[in-house]
Each structure stands twice: as C-alpha cells, then as structure tokens.
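Colleague: I'd like to ask some things about the structure below.
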Amino acid sequence: MQAWNKLSRMPAPAIKKMQDELFTKMLREELAVRHPYYREVFKEHDINPDLIKGLEDIKHLPFTEKKDLLPRENDLRHPKKFVLEVPSEGEKKGKKKGFALFGKKDKGPDPSDYKFHTLYFSAGRTGKPVPFEYTHYDLRNLKEAGLRAFDILGLTRDDTMINAFTYAPNAFFWQMFYSTIETGSTALQTGGGKVLGMEKILKAMDNMEAPVFVCAPGYTIFALQTLDHFGFSAENLERVVLGIDYAPMEAVEKARKMMEAVGAKDTKVQRLYFIAEAKSGWAECDPDYGYHTNPDHIYVEIVDPESGAVLDEGEKGEVVITHLDTRGTVLLRCKTGDIATGGLVTEPCPNCKRTVPRIMGDIERKAYYYELHSNEGPVQFNANQLRKMMTARDDVLLWYAEINRDRGLDNLNLVVKGTSGTDEDTLLKALAEELQKEFSVPANVESASLDAVVNKIGLEKYITAQLIFDNRDL
Amino acid sequence: MEKWEKLSRMPYKQIKELQDKKLRAFMANQIYLYSPYYSNLLKELKIDPLKIKSIDDLRHLPFTYKWDIAPTDEEPQKAKDFIIRPDEEVTEKYGHLAKMSMTSGKAAVEEKIYDFKPVHIHFTTGRTAMPTPFVYSKRDLDHIREAGYRLLDVFEVTTDDIVVNCFPFAPHLAFWQTFFAGEKMDVANFHSGGGKIVGTKNLMDAFEYLRPTVAVFIPGYCYYFLREAVKQGRDFSSIKKIFFGGERVPPGLKDKIKELFKQLGAEEVMVLATYGMTEAKVAWPECPSHEEYHGYHLYPDLEIFETVDPESGESVGEGEEGEIVYTSIDWRGTAVLRYRTGDIAKGGLMLEPCPNCGRTVPRISSNIQRKSELKEFSMTKVKGTLINLNNFFPLMMGHPDIEEWQVEMRKRNDDPYDMDEIYLYVAPKENVDREKLAADLKQKVLRDTEVSLTDIIFKTVPEVVSQLGMETELKEKRILDNRPN
C-alpha cells in the first residue's frame with residue numbers, strides 16, 4: 001500500500017492511473033499465473049489478461065458471487081481455490097544489474113508474501129461463513145487500513161476506548177484491535193455483549209472513564225438506554241463509533257440523542273463500514289460524508305444488482321470489489337450483497353478534503369429486499385427501510401419482524417418492546433399506522449416482554465442482532 | 001528482557017545475580033516512585049526500598065493478597081493503585097520526570113510518560129472477587145510477546161507449524177497469551193475464539209480446512225470437542241501437538257486425549273501443559289515429555305517465584321511443597337509484589353538445570369493444585385469437613401468409564417441451615433455397568449476427597465454437556481455450588 005498522507009491528497013486522475021497499474025499487474029502477474037479459480041475462469045471464458053488494458057475493461061470480466069466462494073458439502077477446502085499459490089523460490093529474481101538503476105527494480109515475487117498467516121471468516125449473517133486467508137502481506141495491509149481508519153476518525157494514542165465489537169475471527173474485530181495497538185491508544189477488547197455481557201461493558205466504560213465507545217448501532221443504543229438501569233455513568237463519553245451492522249443516519253441521530261440524554265460530555269458519532277470480502281474496513285470522517293476507501297488496496301464499482309451494469313457516480317447500486325494489492329484469498333469483481341444508497345463519488349471530501357473515492361449513503365443489505373405475495377400480486381418490501389423507521393422511533397426499545405405466509409398470502413408481524421414509560425396501546429396503534437403508510441403489506445403489530453425479544457433477536461448471542469425473520473417455506 | 005537462548009542456558013548463580021539486580025532497580029525506580037499502593041505501603045511500614053537488595057530480602061516485604069487488589073463496590077478503582085504510572089497525581093509528589101523537561105524538553109517527558117500508558121487490559125476470572133483488571137503498557141506487550149515466544153520455543157513450535165487457538169475469546173490471559181506468542185514467533189494461526197464464538201461444528205470445519213499441526217485448548221472443552229469429532233468421523237491427522245491452559249491436566253485425561261486423536265488419524269500427539277496467572281501477565285510452559293513431569297520453565301528476568309508455607313508464610317526449601325508467591329521485577333502497567341497465588345506446588349520450586357531439556361531457568365513443579373475456577377471455594381466447608389474439590393479432577397477426568405461429569409453442592413430442602421449435600425452427575429461410557437461404576441466412584445470419591453456423596457445421578461452425555469454450559473459458557477461449570485447463602 002502507498003503512503004497515506006500522499007495517497008489521501010492525490011488527484012482523482014492520479015488515483016485512477018495508479019489503480020490501472022495495480023489492476024493489470026494483479027491480473028497478469030497474480031491471477032493468471034497463480035490463482036486456481038480465476039485461471040480456470042479465464043480459460044473457460046476465453047479471456048486473455050494481456051488484452052485487458054486497464055479498469056475501463058473490467059466490465060468484460062465476470063462477477064464473483066458469494067456462492068462461488070462457499071465451502072462445498074463434500075469439499076470443505078473449496079475456498080482454497082481463491083487463494084494465490086505460493087511462487088517457487090526460482091521465481092524470485094535477483095536484483096537487476098546495470099540499467100535497473102534507471103528503471104524500477106523488479107525482484108519478482110517473494111514467496112514469504114504468499115505464505116498463509118491467519119484466517120478470518122465472513123460474518124455469516126446471511127448464510128455460511130466463508131474463510132478468507134491472510135498472508136503477512138495482508139496483515140500489513142490490515143494494520144495499515146486500521147491506522148488509516150483511525151486517522152480519518154481522528155483517533156490518536158491519547159484516546160481511551162472500549163471496543164465492544166462482537167468477537168469473531170473476522171476482519172472487523174481484528175482491524176479495530178490492530179488500529180488500537182498500532183496507534184497505541186488504550187483499549188479494552190471486550191468481545192462484545194456475547195462475551196462480557198452488557199453490565200460488565202458498561203461498568204468498564206464507567207471505571208475506565210473511557211471517552212470512546214466502539215460498537216454495533218443497535219447494541220449501542222440499547223446500552224445507552226439501559227445505562228441508568230445498571231446505575232453506571234457515561235459522563236466521560238465523548239464519541240461513539242458505529243460499525244459492523246446497518247448504520248443509517250437515523251441510527252447516528254438516535255445515538256446522538258441517547259448520548260445527550262445520558263449526560264455524555266460530547267455527542268460525536270462516526271461510522272465504519274467493513275466488508276469481509278475487502279479484507280478490511282473503511283471509515284467516515286463525519287456522518288454522511290461517505291466511507292473513505294483505500295484505492296491502492298481495493299477497487300470499488302457500483303453496479304445494478306440485477307443487470308450488473310456499472311452505474312455512474314452517485315447512483316444507488318450494489319458494491320462490487322476487486323482486490324488490487326492482496327495476497328492469500330484474492331477476489332475479482334466480487335458482488336458483496338451490499339447496496340450503497342448514495343453510490344460512489346470520486347471528488348474530494350468536502351469535509352476533510354481527502355481525495356480517495358467514497359462510498360455514499362446508507363449501506364443496505366440486498367438480502368433484506370423481499371418480494372411478498374399479496375391480494376394485488378407481488379409487492380416489494382425493503383426491510384432495510386423498516387429498520388430505519390424503527391431506529392428513528394424514540395418509543396421503541398427492541399423489536400423484530402417476521403414474514404409469514406398464510407394460504408399463499410404473505411403478511412408482516414412486527415413484535416415490539418417499548419421504552420419504559422411508553423403507553424403500549426398508543427405505540428402499537430402508531431406503529432400500525434406508520435407501517436400502513438410506508439409499506440403496502442398486510443401487517444400486524446404486537447408487543448412482547450423484554451426477555452422474549454432479547455432471546456428472539458439473539459442480542460448477545462450473534463455477532464449482530466437478527467431483526468428480520470422470513471418464516472415462509474420458500 | 002534477556003535473550004532467551006542465553007538466559008535459558010545461564011548458570012543459576014548468574015540468573016540470581018540478574019534477578020537481584022533487576023529487583024533492586026525495580027523497587028527503587030518503579031515501585032517506590034510510581035506505584036501508589038506500594039509506595040504508600042513502604043512508607044507506612046517504614047521500609048526503605050533501597051534495602052531490598054536481593055531475593056533474600058523479599059521476606060521483609062508483606063504479602064499481597066487477592067483482596068488487596070480486587071475491586072469492591074465501595075472501592076471500584078482499587079486495582080488502579082497497583083498500576084505503575086507517573087501521571088500527574090503521582091508525579092506531583094515525585095517530580096523526577098518533571099525535572100527532565102528542563103534538560104530534554106516537554107516532548108521527551110511526554111514520550112517517557114507514554115511508555116507507561118496502559119494500552120491493553122486483561123481481567124481475572126475470579127468468582128468470589130470481582131474481576132480485577134491487569135493492564136499492559138506497550139513495553140509490557142513486548143514482554144508478553146517474548147514470553148509467548150519462549151513458551152513456543154520450549155514446545156518446539158516452528159514457523160512451519162499452523163496453530164489453532166481454541167481458547168474462548170475474552171479479555172483474559174489465555175487467549176491473548178496465545179495470540180501474542182504467535183505474533184512474536186511469526187507462526188501461522190487461527191484465533192477461533194472457541195466453540196462459544198464459532199460453534200463446535202464450524203471449529204471442526206476450520207480444522208479440516210486448515211489442517212493445523214498445533215491446537216491450543218481448555219482441557220474440558222477439548223475432550224468434548226474430540227469426542228464429537230470422532231462421532232462425525234473427522235480427519236485431524238495433521239495434529240502433532242496440543243497445549244492446554246486454563247486448568248490442570250490430570251494424567252488420565254492426557255491418555256484419553258491421545259487415544260481420541262488416534263481415532264482421528266493423529267498418531268503420537270504430544271500433550272503439553274501451561275501454567276499461567278493473570279497477576280503475572282504471562283504463562284509458562286511445561287517441559288515436553290511423554291512420560292515424566294519436569295515442571296514449568298519460568299522467566300527469571302521477569303519475575304521471582306517463592307514457595308512458602310501456606311499457614312506460616314515462611315519460605316520452604318527447594319523442591320518442598322508450598323504456596324506459590326509471585327513478584328514482578330520488570331513490568332510497567334499493573335505490577336504486584338509477593339502475591340499469594342493460593343496455588344500449591346506439590347514438588348515446589350526447582351533450581352537445578354532441567355534433566356529433560358537442560359535449560360537452567362528455575363522450574364515450578366508440574367503438580368500444582370490449580371486455583372482456576374475452583375480455588376475460591378476449593379477448601380469449602382461441606383458437611384463440616386474441609387474438602388479439596390481439586391481432587392475431583394484427576395479422579396473423574398482420568399476415569400476410563402466416564403464421558404462427562406459435574407459436581408453440585410446443595411443444601412437439603414434448599415434450607416440454608418440444613419445439611420450440605422453433594423451430588424455427582426455422571427454420563428458413563430456405553431455398555432458400562434452402572435451399579436459397579438457407582439460403587440467404584442463412591443469409594444474413590446471418599447478416598448480422594450474424604451466426603452461421602454449424597455447421590456450419584458446418571459445422565460446422558462448431551463444432558464451433562466448442556467448442564468456444563470460447554471458451548472455457551474466461557475468455562476464449563478464443572479463444580480457448582482448451589483447452596484443458598
């Protein structure tokens with residue numbers, strides 16, 4: 001990866017040129033030579049990597065889907081097909097003599113860059129977890145991505161933070177860990193509610209007088225709402241960094257409001273966006289300015305989720321990533337299943353002036369777009385919107401929704417637990433009305449006990465709470 | 001820190017000189033100046049820190065007990081006083097660093113102070129006391145990395161190995177010592193977070209995907225994991241070594257584990273043990289041997305181990321049974337002096353070179369009555385007799401007819417004033433004569449723990465596994481004290 005202070009101020013055409021070079025190099029020197037899966041794909045589709053001149057030709061290459069990556073029932077080692085083979089020692093060339101002084105030194109691939117070092121999995125929110133192999137080279141990149149994220153967030157070694165991201169062998173936990181270790185800030189790696197439970201996390205925040213809290217949005221809001229119940233203080237809290245789950249602006253606003261309500265010193269809220277397939281995550285300098293990507297590591301395209309056509313700047317579409325500078329598991333045009341509602345922009349950030357491409361808007365999950373059967377035929381239901389709507393409400397503590405099918409017709413069942421002091425009947429009525437207005441789906445609203453909702457959504461059981469249950473036998 | 005290759009071959013005399021020197025410097029330059037708890041204590045007891053010149057002078061210092069450090073509701077910040085920290089509060093009184101700013105400038109002082117800044121935290125897992133934080137500075141992280149390197153060196157792990165860390169993820173020493181060891185040794189790894197985090201099936205899949213050569217486990221979970229793997233016909237033939245931590249490993253369990261690995265295709269798996277404690281901020285390796293126990297190799301440039309009579313507190317001789325007392329001599333962050341661990345080393349402390357590997361660093365006997373989760377009530381008053389619950393472990397873990405087990409203490413009729421009762425839940429192996437097993441267990445439990453069981457209740461393996469919380473708890477609940485207070 002490049003020097004960040006230089007890269008983050010590089011003009012867009014220079015970034016594009018650098019990406020072209022990295023891309024063709026990756027294609028010709030890595031994928032075509034030592035990538036078992038793409039080598040086969042290129043042969044199958046009759047693709048000559050030498051004829052791909054740059055990123056403008058990327059549209060001729062096929063997409064990689066999550067199902068391509070998954071381990072097979074009878075072949076658990078199938079994902080190894082996406083891992084670069086270790087080059088032989090013979091490929092490592094000696095230092096070029098003579099004219100190399102005037103040109104770039106080409107030492108050839110170093111086998112140690114390709115040797116397996118560690119394994120992280122995708123979060124497996126929507127299915128089976130996929131293994132991603134990291135070599136030393138990738139670990140250096142992950143640490144660099146962590147340092148850049150902290151630079152964008154403005155976190156330094158003087159900060160003290162509680163990392164409440166759920167522990168899993170995932171890039172998002174480890175990037176956050178390496179950010180703190182490499183920066184040298186004080187951090188308690190709690191492992192999240194699943195490991196320590198809410199009471200201990202809040203107690204640690206109070207005892208350590210930690211100004212920074214790093215956590216998934218839903219758990220953050222719930223934690224701040226229950227702070228009083230446990231009798232802890234968050235008066236030293238200044239900043240919350242949201243990540244690992246859907247964090248629309250409504251969640252940012254709600255977190256701010258909650259921080260204010262618990263008497264936090266300041267109410268700064270920032271966001272991180274991790275993609276397991278990108279083997280790293282990106283930060284946003286301030287809410288709504290977009291996630292600042294690392295263009296020397298990953299090339300991002302935004303495509304139409306159906307047709308696969310590449311979309312223009314700022315258009316809503318699916319995030320597709322291509323590795324430009326990775327080893328271990330390497331992916332080309334991988335469809336992530338994430339929809340960036342504000343697309344991709346390449347003009348400099350109006351807030352921090354960094355020039356790297358930014359992914360804008362909320363990151364919706366494609367898996368949460370449902371087609372429901374109603375009396376009037378098929379109806380589109382975007383459960384991301386429902387999550388947004390529920391997050392914005394001050395009278396809802398926890399909730400989940402089920403999609404059920406009854407005699408061929410689908411309906412939505414919304415189960416809620418209101419915040420203390422909320423009149424249940426009024427809440428249910430208001431929700432029914434709002435649902436009717438926002439979604440043309442037959443819906444029922446009911447209330448449930450706190451324990452029932454906590455257990456159902458797996459608040460401290462899964463990496464992030466599960467809020468939408470599709471009970472239809474499709 | 002010293003270079004391990006040199007330190008581990010140094011004659012003991014030289015090691016002791018090194019320890020004395022480090023102790024002197026640590027007392028005068030760190031503890032007395034920057035440790036709020038100890039500097040107050042030394043003043044209160046009128047102990048001149050400069051008079052602590054060697055290991056032999058340690059006896060002039062009082063012991064530190066768990067309750068001196070553990071936070072309470074009244075004093076939640078107690079543990080903070082054990083952190084070596086030249087921050088404003090402390091340096092106001094001892095402004096040595098402030099003077100530095102006159103010669104080297106403010107930036108130099110800031111850098112110096114940053115060296116002490118806690119960056120990483122572990123908690124104790126105690127049940128009777130509140131979890132106590134032990135913090136690491138950046139310099140301390142280099143120490144835990146080096147300790148990990150030494151551990152892997154003793155275990156003869158190389159950069160060709162692939163290590164799977166199956167310790168449950170938590171801000172606890174076991175998981176992180178394994179992580180930092182891998183980092184320093186630069187060995188390929190997978191830090192799974194254990195069955196609770198990734199699920200037992202996914203963990204098995206990861207084994208088959210990665211084909212690791214080394215796995216690191218808590219013994220109880222390992223035994224369960226391997227039995228499940230055998231049932232599913234998994235292939236773990238790549239495994240060469242397995243390390244345990246977190247609990248004692250009874251010899252009988254070692255045999256069972258080896259046998260299970262054989263069924264999974266791995267012949268001659270080396271079963272290795274570690275001993276660690278949050279208070280010492282590192283873990284130590286047992287010298288690898290298939291037959292004999294040669295003790296755990298210590299790191300004499302980081303700590304001093306003493307063994308004392310648990311009653312009188314007097315030092316016991318070399319090789320004599322005694323309670324392990326731990327003293328830090330080269331740490332920042334949290335540091336404790338003469339900490340009473342509550343762990344009894346049956347074979348005491350050994351100072352002669354290891355007969356197995358020839359390393360010269362002091363060793364602590366392999367036979368340690370571990371505190372782990374049981375120590376807090378290990379000498380619990382049940383039926384008016386003090387019983388040592390530790391003794392259930394070798395007996396039950398090593399019993400050839402038992403798959404899983406749990407001990408539960410209750411009060412008769414759940415009445416706090418009534419008699420104590422002690423129940424043993426047992427999931428026997430298939431085709432075992434239950435009557436015979438029950439009679440055998442009653443007699444052996446009486447022999448080893450001096451208590452008569454109220455009853456033995458036979459259950460299925462899944463029932464006991466679920467009672468133990470094998471896949472849901474950080475550590476399985478092997479001994480339950482359900483007596484109302």
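Just so you know, the sequences run in chain order C and U.
Per my numbering: the first sequence = residues 1 to 474.
Per my numbering: the second sequence = residues 1 to 485.
Cβ atoms here follow ideal geometry from the backbone N, Cα and C, with glycine treated the same way.
Since the structure is predicted, the reported quantities are computational estimates derived from the model, not experimental observations.
(1) Does any residue of chain C bring its CB to less than 8 Å from the CB of Lys475/U?
(2) Check for me: the alpha helix (DSSP H) holding Asn165/U runs from which residue to which?
(3) In three-state terms, what does DSSP make of Pro400/U?
(4) I believe Val330/C touches Leu31/C by the beta-carbon criterion, under 8 Å. Please report the beta-carbon distance rounded to the nearest angstrom.
(5) My output table needs one value for Asn207/C: the three-state DSSP class, helix, strand or coil.
(6) Counting C-beta neighbours from all protein chains within 10 Å, is the total for Trp67/U 16 or more, i.e. buried, or is it exposed?
(7) Please confirm if Pro11/C has its CB atom under 8 Å from at least one CB of chain U.
(8) Drop a sphere of 10 angstroms on the beta-carbon of His229/C, count the other beta-carbons inside from all chains shown, and report buried for 16 or more, exposed for fewer.
(9) How many angstroms separate the CA atom of Tyr417/U from the CA atom of Gly252/U?
(10) Using DSSP's beta-bridge definition, name the partner residues of Asp455/U.
(11) Using a Cβ-Cβ distance cut-off of 8 Å, determine whether Arg407/C contacts chain U.
(12) Where do the N-terminal and C-terminal ends of the beta strand (DSSP E) with Glu345/U fall, by residue?
(13) Is there contact between the segment 74-88 of chain C and the segment 24-38 of chain C, where contact requires at least three CB pairs shorter than 8 Å?
(14) Going by other Cβ atoms of all chains shown within 10 Å of its Cβ, with 16 needed for buried, is Ala345/U buried or exposed?
(15) Check the Cβ of Ser485/C against every Cβ in chain U and list those closer than 8 Å, keeping chain order.
(16) Taking just the CA atoms, how far does Tyr423/U sit from Asn356/U?
(17) Exposed or buried, what is Glu5/U when buried is set at 16 or more other beta-carbons lying within 10 Å of its beta-carbon?
(18) Name, please, each residue of chain U whose Cβ falls closer than 7 Å to the Cβ of His117/C.
(19) Spatial neighbours of Leu70/C within its chain, please: CB distance less than 8 Å, with the 5 preceding and 5 following residues excluded, ordered by chain position.
(20) Who are the neighbours of Thr190/C on chain U, taking C-beta pairs under 7 Å?
(21) How is Lys417/C classed by DSSP in three states: helix, strand or coil?
(22) Counting along the chain, where does the alpha helix (DSSP H) carrying Cys222/U start and finish?
(23) According to DSSP, is Ile52/U helix, strand or coil?
(24) Looking at the C-beta of Asn404/C, does it have a partner C-beta in chain U at a distance below 8 Å?
(25) Return the bridge partner residues of Asn444/C from the DSSP annotation.
(26) Going by DSSP in three states, Phe243/U sits in which element: helix, strand or coil?
(27) Indicate whether Ile135/C and Phe116/C have their beta-carbon atoms separated by less than 8 Å.
(28) Quick one, which of Leu50/U, Ser366/U, Leu141/U and Val325/U has its alpha-carbon nearest Met27/U's?
(29) Which residues of chain C have a Cβ atom closer than 9 Å to the Cβ of Gly348/U, listed in chain order?
(30) If you run the structure through DSSP and keep just helix, strand and coil, what is Ser378/U?
(31) Contact criterion: CB-CB distance below 8 Å. Does Val198/U meet it with respect to chain C?
(32) I'd like to know whether the C-beta of Lys456/C is nearer than 8 Å to at least one C-beta of chain U.
(33) If you measure from the beta carbon of Pro129/C to each beta carbon in chain U, is any gap under 8 Å?
(34) I'd like the list of long-range same chain contacts for Cys166/U, defined as Cβ closer than 8 Å, with 5 residues on each side in sequence excluded.
(35) Starting from the N-terminal side, write out each stretch of the alpha helix (DSSP H) that is 4 residues or longer and does not extend beyond the segment 100-161 of chain C.
Modeller: Taking the geometry as given:
(1) Sequence index remark: in the second sequence, residue 475/U carries index 475 (1-based). Not an interface residue.
(2) Taking the first residue of the second sequence as 1, we reach residue 165/U at position 165. It is not in any alpha helix (DSSP H) - Asn165/U instead sits in the beta strand (DSSP E) that spans Ile162 to Asn165.
(3) To locate residue 400/U, count along the second sequence from 1; it is residue 400. Reduced to three states, the DSSP call for Pro400/U is coil.
(4) Taking the first residue of the first sequence as 1, we reach residue 330/C at position 330. Taking the first residue of the first sequence as 1, we reach residue 31/C at position 31. Confirmed, about 7 Å.
(5) The residue given as residue 207/C occupies position 207 in the first sequence. DSSP places Asn207/C in helix when its eight states are reduced to three.
(6) Working through the second sequence from its first residue, we reach residue 67/U at position 67. That one is exposed.
(7) For the purposes of this step, residue 11/C is taken as residue 11 along the first sequence, with counting starting at 1. It does not: the Cβ of Pro11/C has no partner Cβ on chain U nearer than 8 Å.
(8) As a position in the first sequence, residue 229/C is number 229, starting the count at 1. With fewer than 16 other Cβ atoms within 10 Å, it is exposed.
(9) Against the second sequence, residue 417/U aligns to sequence position 417. Against the second sequence, residue 252/U aligns to sequence position 252. Approximately 38 Å between the Cα atoms of the pair.
(10) Here residue 455/U is taken as the residue at index 455 of the second sequence, counted from 1. Looking at the DSSP assignment, Asp455/U forms a beta bridge with Tyr423/U.
(11) For the purposes of this step, residue 407/C is taken as residue 407 along the first sequence, with counting starting at 1. By this cut-off, Arg407/C is not an interface position.
(12) Residue 345/U sits at position 345 when you count from the first residue of the second sequence. The question names Glu, but residue 345/U is Ala in the sequence shown. Note, Ala345/U: beta strand (DSSP E), Tyr339 to Ala345.
(13) yes
(14) For the purposes of this step, residue 345/U is taken as the residue at position 345 of the second sequence. Flag for Ala345/U reads buried.
(15) A question about residue 485/C goes unanswered here, because the residues of chain C that appear run from 1 up to 474.
(16) In the second sequence, counting from the first residue as 1, residue 356/U sits at position 356. In the second sequence, counting from the first residue as 1, residue 423/U sits at position 423. Answer to the nearest angstrom: the Cα atoms are 42 Å apart.
(17) Here residue 5/U corresponds to residue number 5 of the second sequence, with the count starting at 1. Classification of Glu5/U: exposed, given that the 10 Å Cβ count is below 16.
(18) Start at 1 with the first residue of the first sequence, and residue 117/C comes out as number 117. In chain order: Ala188.
(19) Along the first sequence, read from residue 1 onward, the residue named residue 70/C stands at position 70. Result list for Leu70/C: His78, Pro79, Gly127, Lys128 and Val130, in chain order.
(20) Here residue 190/C corresponds to residue number 190 of the first sequence, with the count starting at 1. Residues of chain U passing the Cβ test: Pro171.
(21) In the first sequence, the residue the question calls residue 417/C occupies position 417. In the structure shown, Lys417/C sits in a strand (DSSP, three-state: E or B).
(22) As a first step, residue 222/U must be located in the second sequence, where it is residue number 222. Looking at the DSSP string, the run of the alpha helix (DSSP H) that includes Cys222/U is Pro219 to Lys231.
(23) Translated into the one-based positions of the second sequence, residue 52/U becomes position 52. Of the three classes helix, strand and coil, the one that applies to Ile52/U here is coil, per DSSP.
(24) On the first sequence, residue 404/C is found 404 positions in, with the first residue counted as 1. No, Asn404/C does not count as interfacial toward chain U.
(25) Taking the first sequence and counting its residues from 1, the one referred to as residue 444/C is at position 444. Beta-bridge pairing links Asn444/C to Asn413/C.
(26) Residue numbering aside, residue 243/U sits at position 243 when the second sequence is read from its first letter. Phe243/U falls in the strand class under three-state DSSP.
(27) For the purposes of this step, residue 135/C is identified with residue 135 of the first sequence, where counting begins at 1. For the purposes of this step, residue 116/C is identified with residue 116 of the first sequence, where counting begins at 1. Note that residue 135/C is Thr in the sequence shown here, rather than Ile. Contact: yes.
(28) The residue given as residue 27/U occupies position 27 in the second sequence. Of the candidates Leu50/U, Ser366/U, Leu141/U and Val325/U, the one whose C-alpha sits nearest the C-alpha of Met27/U is Leu50/U.
(29) By 1-based counting over the second sequence, the position of residue 348/U is 348. Here the premise fails: no neighbours, minimum Cβ distance about 36 Å.
(30) Working through the second sequence from its first residue, we reach residue 378/U at position 378. Low confidence applies to Ser378/U: its pLDDT is 39, below 50, so where it sits in the model is not reliable enough to give any reading.
(31) The residue you call residue 198/U lines up with position 198 of the second sequence. It does; some Cβ of chain C falls within 8 Å.
(32) Within the first sequence, residue 456/C is the residue found at index 456, counting from 1. False, the Cβ-Cβ gap to chain U never drops below 8 Å.
(33) Along the first sequence, one-based indexing puts residue 129/C at 129. Yes, contact with chain U.
(34) Position 166 of the second sequence, counted from the start, is the residue given in the question as residue 166/U. Taken in chain order, the residues that qualify are Ser192, Gly194, Gly195, Leu203, Ala215, Val216, Phe217, Ile218, Tyr221, Cys222 and Phe225.
(35) 136-153
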